[in-house]
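In what follows, a single structure is set out as structure tokens and then discussed.
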Amino acid sequence: MTPTLPPTPALIPADRLPALLCAMPKAELHIHIEGSLEPELIFQLAQRNGVALPYASVEALRAAYAFTNLQSFLDIYYAGASVLLKEQDFFDMAWAYLLRAQADNVVHAELFFDPQTHTARGVPMETVIGGLHRACTQARAELGVDASLILCFLRHLSEQDAFETLEQALPWRDRFIGVGLDSSELGHPPEKFARVFAHCRGLGLRVVAHAGEEGPPAYIWSALDVLKVERIDHGVQSAQDPVLMQRLARERVTLTVCPLSNLKLCVFPDLAQHNIRQLLDAGLAATINSDDPAYFGGYMNTNFLETFAATGMNAGHAYQLARNSFEGSFIDAAARQRYIAQLDDTFASFA
Ligand code: ADE
Ligand code: ZN
């Protein structure tokens, strides 16, 4: 193996930081693929599939993206997904995201998908997983982007519904690496899904859950202790609970933080008040991700650039964030080592 130079973030001039943020290899661990559906593609698919939309134009749809909280976003996000009917639609959506990922030097991505949003409309599970998986396979071969799928259960639905969804997906068990939990957080604590998560762990699936986006620290505790998740999606409300912060730091639990999402859903009043820097400085394994980039104003590099500009984070934070993304990803040890070596090389070339 070729030895890598040690990273030297302190030697990187501040004016080179934006270029470094864009150039550094990174993993995206929190992207809902349905949230990458741009208004232009929504209109294109609506026309192709003969679906009527309640908006007159791309501009009118985009103008409706003024959210006050998570639920106000989810209502419009599920409506947008209604144009997805055919295997090719799911492929086109994922391919468009993977091209954007490549442009942002995302070398590894773990894509959430919400099958219940589609199967409830009569779209077969095979259609959903088939199109997404084909895009992931092609991205590996043609774009050099390594992508895998994580099936999310909608937490506003019942645990029984989650069990049935899992059953429908199991014929394609080799096409997804894990399960997650998303949708309306408040009133739907992780423990509602204790049995289905235990079952998934028994099947050898990786497990993650949204917790502490809008919900209280108690939801993060129960995601860890009841669902036994390996990562927390969002987790920014952990800052309210010093004992939880100490645990997350001690156990190096990866938090997949999404700054522009938190801004657009009014979790923080402005980016300068976002707590990602506080989380990193307290030793938590935070990462930066885009969540639903078509709705929140930016893909990975925009999230990095805007968050760094607003919070004054430095090259040391950049290194930590990119490294955390590889440490927290569900890849094998050899791939992780290779990506971290690439990251170190990038930092060395900027010093
Ligand atoms: N589904 C898509 N985006 C989400 C978010 N930010 N929180 C919960 N569920 C989601
Ligand atoms: Zn999310």
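Be aware that the sequence shown starts at 1, since it is given in our numbering, and climbs by one per residue.
Glycine residues also receive a C-beta, built at the ideal position from the N, C-alpha and C atoms.
From a predicted model like this one, the values you see are computed outputs, not experimental measurements.
- Message: I need the boundaries of the alpha helix (DSSP H) containing residue 267, first residue and last residue.
- Response: Unbroken run through residue 267: none, as it is neither H nor E.
- Closer than 8 Å to chain B by CB, residue 321: Of the protein chains in this structure there is only one, and it is not chain B.
- Within 7 Å: the Cβ of residue 77 and any heavy atom of ligand 1? Using a cutoff of 7 Å, the CB of residue 77 counts as near ligand 1, since one of the ligand's heavy atoms is closer than that.
- Task: Give the straight-line distance between the Cα atoms of residue 3 and residue 245, rounded to the nearest whole angstrom.
- Result: Annotation note: pLDDT 41 at residue 3 (below 50); position unreliable, no value reported.
- Item | Residue environment, residue 320, which counts as buried when at least 16 other CB atoms sit within 10 Å | Label assigned to residue 320: buried.
- Per-residue burial, residue 208 [other beta carbons within 10 Å of its own, 16 or more giving buried]: Buried, because 16 or more other Cβ atoms sit within 10 Å of the Cβ of residue 208.
- Query: residue 9 and residue 218: beta carbons closer than 8 Å?
  - Reply: Residue 218 is positioned such that its CB atom lies no closer than 8 Å to that of residue 9.
- Task: Along the alpha helix (DSSP H) that carries residue 325, what are the first and last residues, could you check?
- Result: Taken as a continuous stretch (DSSP letters only), the alpha helix (DSSP H) holding residue 325 covers 315-327.
- Considering only residues of the same chain and omitting the five flanking positions on each side of residue 342, which have a CB-CB separation below 8 Å? Excluding five sequence positions before and after residue 342, the CB atoms of its chain that fall closer than 8 Å to its own CB belong to 25 and 107, given in chain order.
- Message: Quick check on residue 1: does DSSP put it in helix, strand or coil?
- Response: Low confidence applies to residue 1: its pLDDT is 36, below 50, so where it sits in the model is not reliable enough to give any reading.
- Task: Helix, strand or coil for residue 156, going by three-state DSSP, please let me know.
- Result: In this structure, residue 156 counts as coil in the three-state DSSP scheme.
- Query: DSSP beta-bridge partners for residue 112?
  - Reply: Listed as beta-bridge partners of residue 112 by DSSP are 32 and 150.
- Local Cβ density within 10 Å of residue 89, reported as buried at 16 or more and exposed below that: Counting of Cβ neighbours within 10 angstroms places residue 89 among the buried residues, the total reaching 16 or more.
- Item | Rounded C-alpha distance that separates residue 312 from residue 18 | So the two alpha carbons sit approximately 12 Å from each other.
- Query: Counting only runs that start and end within the region 169-199, where is the beta strand (DSSP E) found for 3 or more residues in a row?
  - Reply: Taking only runs of at least 3 residues, the beta strand (DSSP E) segments lying wholly in the region 169-199 are 178-182.
- Task: Report the partner residues of residue 17 according to the DSSP bridge assignment.
- Result: Beta-bridge annotation (DSSP): residue 17 is not paired with any residue.
- Query: Which of the three DSSP states, helix, strand or coil, is assigned to residue 252?
  - Reply: Three-state result, residue 252: coil.
- Taking the Cβ atom as the reference point for each residue, do residue 150 and residue 128 lie within a distance shorter than 8 Å? Cβ atoms of residue 150 and residue 128: not closer than 8 Å.
- Out of 253, 235, 196 and 202, which has the shortest C-alpha to C-alpha gap to residue 215? Of the candidates 253, 235, 196 and 202, the residue whose Cα lies closest to the Cα of residue 215 is 235.
- Query: If you check the beta carbons only, do residue 295 and residue 97 fall under 8 Å apart?
  - Reply: With contacts defined by Cβ atoms closer than 8 Å, residue 295 and residue 97 do not form a contacting pair.
- 6 Å CB neighbourhood of residue 152 in its chain, flanking five on each side removed: These residues qualify, in order along the chain: 112, 114, 180 and 182.
- Message: What would DSSP say about residue 288, mapped onto helix, strand or coil?
- Response: Strand at residue 288.
- Cutoff 6 Å; reference residue 387; Cβ partners in own chain excluding five residues on either side: What the structure shows of the chain is the stretch from 1 to 351, and residue 387 is not part of that stretch, so it cannot be assessed.
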